[in-house]
Every structure is written in C-alpha cells, then in structure tokens.
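Just below is one structure, and these are the notes that go with it.
Protein chains: 2
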Amino acid sequence: MNPKVDAIGGSLIREIAARKKPGSIDLGLGEPSLLPTIRYFYAAVNSVEKSGMRYTVNAGDLRLRELIAAHYGYPHAASAENVCVTTGSQEAVYVAIKTLMDPAKDEMLLVEPAFPAYKKMALLEGIAVRTLSNREENDFAFEPRRILEGITDRTRLIVLCSPCNPTGRVISAAAVREIAGALSVRGGDPIYVLHDEVYREQTYIADAGYFAQVYPYTIVTNSLSKSNALTGLRIGWTLAPKPLAAAIVKTHAWVTSCASTYAQRIAAQIFATAGALQEHAAWYGERSASVVDILQHSGLRFVAPEGAFYACVALERGRSSLQAAHELADEEDVIAIPGVAFGASFESWLRLTWVAPLDEVREGIHRIARRYAPEAGKTLFGAT
Amino acid sequence: MNPKVDAIGGSLIREIAARKKPGSIDLGLGEPSLLPTIRYFYAAVNSVEKSGMRYTVNAGDLRLRELIAAHYGYPHAASAENVCVTTGSQEAVYVAIKTLMDPAKDEMLLVEPAFPAYKKMALLEGIAVRTLSNREENDFAFEPRRILEGITDRTRLIVLCSPCNPTGRVISAAAVREIAGALSVRGGDPIYVLHDEVYREQTYIADAGYFAQVYPYTIVTNSLSKSNALTGLRIGWTLAPKPLAAAIVKTHAWVTSCASTYAQRIAAQIFATAGALQEHAAWYGERSASVVDILQHSGLRFVAPEGAFYACVALERGRSSLQAAHELADEEDVIAIPGVAFGASFESWLRLTWVAPLDEVREGIHRIARRYAPEAGKTLFGAT
Chain W
475 MNPKVDAIGG SLIREIAARK KPGSIDLGLG EPSLLPTIRY FYAAVNSVEK SGMRYTVNAG
535 DLRLRELIAA HYGYPHAASA ENVCVTTGSQ EAVYVAIKTL MDPAKDEMLL VEPAFPAYKK
595 MALLEGIAVR TLSNREENDF AFEPRRILEG ITDRTRLIVL CSPCNPTGRV ISAAAVREIA
655 GALSVRGGDP IYVLHDEVYR EQTYIADAGY FAQVYPYTIV TNSLSKSNAL TGLRIGWTLA
715 PKPLAAAIVK THAWVTSCAS TYAQRIAAQI FATAGALQEH AAWYGERSAS VVDILQHSGL
775 RFVAPEGAFY ACVALERGRS SLQAAHELAD EEDVIAIPGV AFGASFESWL RLTWVAPLDE
835 VREGIHRIAR RYAPEAGKTL FGAT
Chain X
475 MNPKVDAIGG SLIREIAARK KPGSIDLGLG EPSLLPTIRY FYAAVNSVEK SGMRYTVNAG
535 DLRLRELIAA HYGYPHAASA ENVCVTTGSQ EAVYVAIKTL MDPAKDEMLL VEPAFPAYKK
595 MALLEGIAVR TLSNREENDF AFEPRRILEG ITDRTRLIVL CSPCNPTGRV ISAAAVREIA
655 GALSVRGGDP IYVLHDEVYR EQTYIADAGY FAQVYPYTIV TNSLSKSNAL TGLRIGWTLA
715 PKPLAAAIVK THAWVTSCAS TYAQRIAAQI FATAGALQEH AAWYGERSAS VVDILQHSGL
775 RFVAPEGAFY ACVALERGRS SLQAAHELAD EEDVIAIPGV AFGASFESWL RLTWVAPLDE
835 VREGIHRIAR RYAPEAGKTL FGAT
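Chains as they are written, first to last, in this note's numbering: chain W, 475 to 858; chain X, 475 to 858.
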C-alpha cells in the first residue's frame, strides 16, 4: 500500500461528528443548517430534461467560468481561463497544491490554527509542511510580520483561510497589503499565496483583505457550500494566474474529469443572479451577534467571530481538547470539535459551529461552561 | 511547478472532441446520447426540499453503499464497508491506484489498448507503468497467457477495462478464471487486479468474465455514467476487499471529501429499482447489431463490439491515426478518436463512438471508408 496514505490519519472532525447521538446538540461539523434555495434545483432539472446530463469541458462550463471570473474581478484572474471548476473547495485546494508544489524541493507554509485538510493533502503528496501559528495572546489574529518570518528558502506557497476556520478571525486589508508588498519585493521565484475564501460571504467586519486583489501570485479557492448551504452539492473552484491555471485544469482532468454538470447549472444561476451569493449573509450576521452575546454571558473565554460560523472557546490551559470533546459528546450530549484538530497551538480550545437553532446553541454553550468554567457558568446562567 | 504535472499531457480525446464544428458528425467523446430518466432528478429535488443538501459521510451514504454491495454480491466485497462512492469512475480509479501503489517500488501492468487515464494517473503519482498489448492479429482479444507473462517482480496491480474502451472486446469468464488461478498460486504479496466495469451494462456476449467473482484481490471501479446516461452527474464507486477499502475511503476523503449528495440520492433510487441499471441496455444491444451491419458493408476492417459503445476501424498500416483524425475533423466533418491515444499498438486504428443517430453513424462511417478504404467504399455505398 502507499505508505503516504498509511501514514496520515482520517478526519478527526468526522470522528467526533460521528459520536453524535439522537438528541445531541450539534456544534460540530462545519456546514450550514439553512435549506438551499430550491428553485435552482428545479431549473437545473428542467435543463436535464431538455439537454441531458453530459460532461462539460474539464475546466467547467465556459459561461460559468466567465461569470465566476467577472464576479470577483481579481486583476490577475479576470477571465474564464483563470478558473477551474471543481468537486467542492476540497478538490480545489487539492489540485492547486498538487499542481503547484514540487515535492522534491518545495515547502508549504501553513498558518495555523487551520482546517486540517491542507496539511493532510500536503502529506499525502509528500510535500514538506512548515507551520506557524497565530498567537493565543493576540486572539489568533493574522500577524503579517509573523507570517513573513515563517518563510524559508524552500517556501513556495503560503496557505491561509480567511475568514478562518476555526478561529473566525479575518485578515485585514492592511495585513494583506503588508504581506503582498514584502513578497513582491523579495526577488527570486515567486512565493504563491493560497487564500481559501470559502467563508467569504460570512464576513462581519468592514476591512477584510483579499490577496487576489493586490498580489498576482494568489490562488483563490472557494465554493458554494457555505454561502448557499450547498455542502452536499460539491461545487467549488480555483482562481489562479496563468499559466498555473491551465496546469491546475490538467491535474483536475485526471483526478475527477470534470465537476458535476448539474451542480454547475445551479452555480451558473447563482452567479447570474445579483445578490444570490449573499442570500444567507444577513442571517449569519444576525446570528453571530446573538452568539457573541451568549458567549459574553457564559464565563468562557472566547474569540469573537469576525467571519465564518464558528466560535472558539478556551478550556483551562493544559486540558486535552480531545478528551474534553469526548466528555462533551458522551456525557453532555454536545458535539464540539477539539482544537488539537487544527494544530498544536489550539490544543486548549474547542471549535463550536453555531448554525443549530439558537436555543440549542445556547444550551450547548451552557453545558460547556457548566463543565469547564463552573463558577462563571453558575453565576451567569443560574444554578442547574 | 510539480514536474509530474508538467510532464504529462492533457486529454488527446478532449482535444480532438473540441474540433467539432456545428454540423460535424460526432463519433468522438465516449458518452451516451440518450436522455437520463428524469423522475430520479425530481425525486432527488424533493429530498433536498425536505432535508437540504448536506454532506454524506466520506465513504458515501450508508444505504447506497449497502445497495451497491448487495447488487453485485461479489464475495470479497459484499458489505457497505467495501464500497467507496466517488466523483465518477475517474476519481474511483484515481483513488484506487493512489491508495494501493507505493511509487517507490510498485509497478502497474496496463493491458492496452486502454483508456488513457490509467497511465496518466499513474504518471501523475510517479508510479512506474509497464504496458502490454492485446494483439491486432487476434482482434485485440484478452489473452490470459500474454497478460500473465507481463508480470514482473515489481507488479502490484494489473489494470484492465472490460468491456474494453476502446476495442469493445470483453474478457471471457474462462480467461478470468485462468488469470485468477495463476495469480492465486504464485505466492508472495498479492497482485491486485483493477477491473474497470464501467461498460458492464453494455455487454453483448453471454460469457463475460468478472474478476471480483473469483479473485479476492480485485478492485472494481464503475459508475452510472454509461449505464444510465449520467456522465455529467459524476457518480461512481470502488468495490475493494478490506482493509484496502478503508484506505481508499481515507484517500478519497482528502481529495474530494465526499461525492455529491444529490447524485447519491439519484444512485440510491437506481440501485433500489429492479432493472434500472439496465434501462438502456436493450437500446445498446440493438444499436450494436445495426452498427456491425453497417461496418460489414463498409469495406473497412473493424473489431465487432462485444461490449461498450465503440467500434474500431483500421486504417492502412503505418498511417498516423492522429493525422487521420485531424483530416476527418477538418475536411470530412467527422469526429473520430485516433487509436494512438490508447497505446502505440493501436496506432493504425480509429475509435468510433456509435451513440449518435444511426443515419449520422452510417454517414460518418461512409466518409471514413470513402477516404481510407476508397475502393471498398465505392462498391458498397455507391458512388458519391
């Protein structure tokens, strides 16, 4: 068997999510609880009735790619040739990393806490990964100087997710400019930035930064999973400068051939409809404010979300987040993801997804506080 | 950039297919022209309306995997744990090869003529590929002794597609027994067989062989693309013995996370409906007979299809199939795939897909015969 497959684990997030019992409060898996807009599905079925369900070209339907490129208008990825439509942002990240990186010499710099897939994918490809972590004492904010100091002679790619899964922090436009500026003047082979924008439509601050607006060597990955409650549709894309974009299409062609034509038809409707990508954005904005309010009364230390749909809460320093997640699942009927899944620096934290009904989110946070911040919890929630 | 991505080409089949002009007769891309059954789509939309469009577990919906395993009833892949649901059979083959093969030592033995993806995927992973070819003088029949003689000390996997793309030949039950028997008694680490069964529902002979029925180290890949005219849905699966099956799920999880939930709901309906996988089989059987009749009158040398929806015709020996395909596309408005795409041994052949309206198939074959077997063509079709 392939020793690289053997060496990496499966998904800890999925392992914890699988502990859910009927009646458990689910603050685990990162997917929306809203229902998607159903008319897109019916329109796509009508098109199947008329023209069947055939392959698109490997890169994805031309009109969809034009719509995606035009929607974002990134200066170095402004045409259909810069887009590759993929099976969710998971395949988008996979083919981007696989295409860009030479395992014989290139190193990936991963900004943690981070969704575990980036590192697992790199290890699967035999690519060296160097990690650095945003600092707990700075509430896990993205710090340009810290990121730039992580660069070595071998760094070919910096990977970050903003809005961040798990922390909910968003990199600022100023921070992006500072990093892009430093990368632009350093000379030598360019260092690419992979900016995972999958939570772009869940951004609650005004000055969010986007690398692709200012830095030519940016690969953007994104999907409709989070914005439009379409996780199960598996439709995503990469935006990349040429000629990398064409090479990404080639890798994608051999891995999955092309993305689902049905899903592409739904995506084309969304990109052709003004405001459709933001159709759930107001809900997330209101909900994030409610969750911050609950957390402020919980007695738990937390990171206030600037984006995404997570809130992270601290356990006592030194406590195992995995053990806490198991205790919560088994004894408190609360599914929460242990911080260690996102990097060693997040060991004493839990990631809470707050898309369940608000009463359940409140009750789940209450149970966590009762167990891990008992004095505060008693005061603030009342005795149980 | 990753030198392995750089080194492999894109799809020659797609390149030729892209030469199609309005009005061209399309005997190119390997996808059905029938429309899929639309009620599956509406039922799937109803389920989205009720329960949204969320992820399934990485391996795929449990009930779907149970249905798939039960449908085939292969003795060493009889339960849901043996199944991984994928983004088409393309991802199925990709994750199977990537999971099984250690690039540092394992060699893949590919039986040609063969769909180019197998070799391209192996090269993308840095896996050594040894090819052998079914023989033209034997009309490209699968020959057990020849395949067994191709095995070396490093062979870990034998890859074949039956019914075969491109030749339309089907491996017999006796040939499968002979190969399986020899592999079973050889000792040492097992050699796996990857049997791509994607054309299983287009089989026109009675004694087709299936490795998974008799050989424990068989990986089956398949999809609904060809059987149910669902190429664009991107739904496929692997069937594999344990513990390989679990490792395949792990690779799949990091590459695409999970297959489309929407597509899985359609697949579950098909597997739960008696005869639904065969709903187009009669059409293909009748059509294959008509095509053989046309070919017999064409003056072209051809391989009569025992399965799949291709017919292969010979050019004069030594003629470049790529040049012929270009001539046909540009001067005769006929799209046909050059044999060289499937291996050097198929250089003087063209692959013709015969799913277009029968008059177009007849006219396309007529134009090919007129150009490449002019004397025969004149006699049999009448002067043009």
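Backbone N, C-alpha and C fix where the C-beta goes; we use that ideal spot for every residue, glycine too.
When DSSP builds the beta bridges, which residues end up paired with residue i?
i	result
W:Met527	DSSP, once it has assigned bridges, lists no residue as partnering W:Met527.
X:Asn696	X:Trp711
X:Val667	X:Ile632 and X:Thr692
X:Ile730	The amino acid occupying residue 730 of chain X in the given sequence is Thr; Ile does not appear at that position. Answer is none; X:Thr730 lacks a bridge partner.
W:Cys786	W:Val777 and W:Arg825
W:Arg604	W:Leu583
W:Asp767	Beta-bridge pairing links W:Asp767 to no other residue.
I'd like to know whether the C-beta atoms of residue i and residue j end up nearer to each other than 8 angstroms.
i	j	result
W:Ile709	W:Ala741	yes
W:Tyr529	X:Thr705	yes
X:Tyr691	X:Pro664	yes
W:Pro587	W:Thr641	yes
X:Asn702	X:Ile768	no
X:Ala585	X:Asn608	Going by the sequence as given, residue 585 of chain X is Val instead of Ala. Yes. Within cutoff.
X:Lys572	X:Ile809	no
X:Ala543	X:Asn556	yes
X:Tyr784	X:Thr827	yes
W:Ala686	W:Ala551	yes
X:Val787	X:Ile842	yes
W:Pro637	W:Gly484	no
X:Ala714	X:Val559	no
W:Leu657	W:Tyr689	yes
X:Met860	W:Leu574	Residue 860 of chain X is absent from the structure shown; chain X starts at 475 and stops at 858.
W:Thr712	W:Val569	yes
X:Leu438	X:Ala750	Because chain X here runs from 475 to 858, residue 438 of chain X falls outside it and cannot be looked at.
X:Phe614	X:Ala649	no
W:Ala737	W:Leu707	yes
Taking Cβ-Cβ distances shorter than 9 angstroms, what residues in chain X pair up with residue i?
i	result
W:Ile512	Val519, Val522 and Glu523
W:Tyr516	Tyr516 and Val519
W:Asn532	Gly484, Ser485 and Arg488
W:Leu631	Result: empty, since nearest Cβ-Cβ is about 11 angstroms, beyond 9 angstroms.
Pull up the CB-CB distance for residue i and residue j, whole angstroms please, since I reckon it's below 8 angstroms.
i	j	result
X:Ala803	X:Ile499	The pair is not a contact, with the Cβ atoms about 10 angstroms apart (cut-off 8 angstroms).
X:Arg660	X:Asp580	Rounded, the Cβ-Cβ distance is 16 angstroms, inconsistent with contact.
W:Gln676	W:Ala748	Incorrect: roughly 19 angstroms between the Cβ atoms, too far for contact.
W:Ala763	W:Ser507	Not quite, the Cβ-Cβ distance comes to about 17 angstroms (not below 8 angstroms), so this is no contact.
X:Tyr846	X:Ala799	No, X:Tyr846 and X:Ala799 are not in contact; Cβ-Cβ is about 11 angstroms, not under 8 angstroms.
W:Ile722	W:Ile487	Between W:Ile487 and W:Ile722 the Cβ distance is about 26 angstroms, and since that is not below 8 angstroms, they are no contact.
W:Lys478	X:Val479	That pair is no contact at about 17 angstroms.
X:Leu583	X:Gly624	5 angstroms
Applying a beta-carbon distance threshold of less than 8 angstroms, which residues of chain W neighbour residue i?
i	result
X:Gln564	Trp728, Val729, Thr730 and Ser731
X:Tyr568	Trp728, Val729 and Thr730
X:Asp576	Met475, Asn476 and Pro477
X:Ala654	Here the premise fails: no neighbours, minimum Cβ distance about 21 angstroms.
X:Thr605	Going along chain W, no residue has its Cβ under 8 angstroms from X:Thr605, so there is no contact; the nearest lies around 17 angstroms.
X:Thr747	The premise fails here: X:Thr747 is roughly 18 angstroms from chain W at the closest Cβ pair, so nothing lies under 8 angstroms.
Given that residue i touches chain X, what residues does it touch there, using C-beta distances under 7 angstroms?
i	result
W:Arg528	Glu505, Thr705 and Gly706
W:Thr735	Gly706
W:Leu509	Gly526
Please list the partners that residue i has in chain X, where partner means a Cβ-to-Cβ separation under 8 angstroms.
i	result
W:Val479	Lys572, Thr573, Ala721, Lys724 and Thr725
W:Arg793	Simply none; closest approach about 28 angstroms.
Residues of chain W with CB closer than 9 angstroms to the CB of residue i, please, in chain order.
i	result
X:Met582	Under the 9 angstroms cutoff, chain W gives no residues; its nearest Cβ is about 12 angstroms from X:Met582.
X:Thr827	Going along chain W, no residue has its Cβ under 9 angstroms from X:Thr827, so there is no contact; the nearest lies around 13 angstroms.
Cβ closer than 7 angstroms: which chain W residues qualify as neighbours of residue i?
i	result
X:Lys594	Trp728
X:Ala591	Trp728
Answer yes or no: the CB of residue i versus the heavy atoms of the ligand HEM, is any distance below 7 angstroms?
i	result
W:Tyr673	Judged by which ligands are present, the structure shown has none, so any question about the ligand HEM falls away.
Practice task
Decide yes or no for the touch test of the stretch 597-608 of chain W against the stretch 501-511 of chain X: beta carbon pairs closer than 8 angstroms, at least 3 of them.
Solution key: Between the stretch 597-608 of chain W and the stretch 501-511 of chain X there are fewer than three C-beta pairs closer than 8 angstroms, too few to call the two in contact.
Exercise for the section: Examine the Cβ distances between the stretch 664-673 of chain X and the stretch 559-569 of chain X and report whether three or more of them are shorter than 8 angstroms. Expected result: Contact between the stretch 664-673 of chain X and the stretch 559-569 of chain X is present: 3 or more CB-CB pairs across the two stretches fall below 8 angstroms.
Problem - contact_flag[the stretch 769-780 of chain X, the stretch 635-653 of chain X] where n(CB pairs < 8 angstroms) is 3 or more - result: Yes: the two stretches touch, three or more of their Cβ pairs being nearer than 8 angstroms.
Problem - At least 3 beta-carbon pairs within less than 8 angstroms: the stretch 785-797 of chain X vs the stretch 815-832 of chain X - result: The stretch 785-797 of chain X vs the stretch 815-832 of chain X: in contact.
Practice task
Count the C-beta pairs between the stretch 512-520 of chain W and the stretch 514-522 of chain X that are closer than 8 angstroms, then say yes if the count reaches three, no if not.
Solution key: The answer is yes - the stretch 514-522 of chain X touches the stretch 512-520 of chain W, with three or more Cβ pairs under 8 angstroms.
Practice task
Report yes or no: do the stretch 720-730 of chain X and the stretch 564-579 of chain W share at least 3 C-beta pairs separated by less than 8 angstroms?
Solution key: Short answer: they touch.
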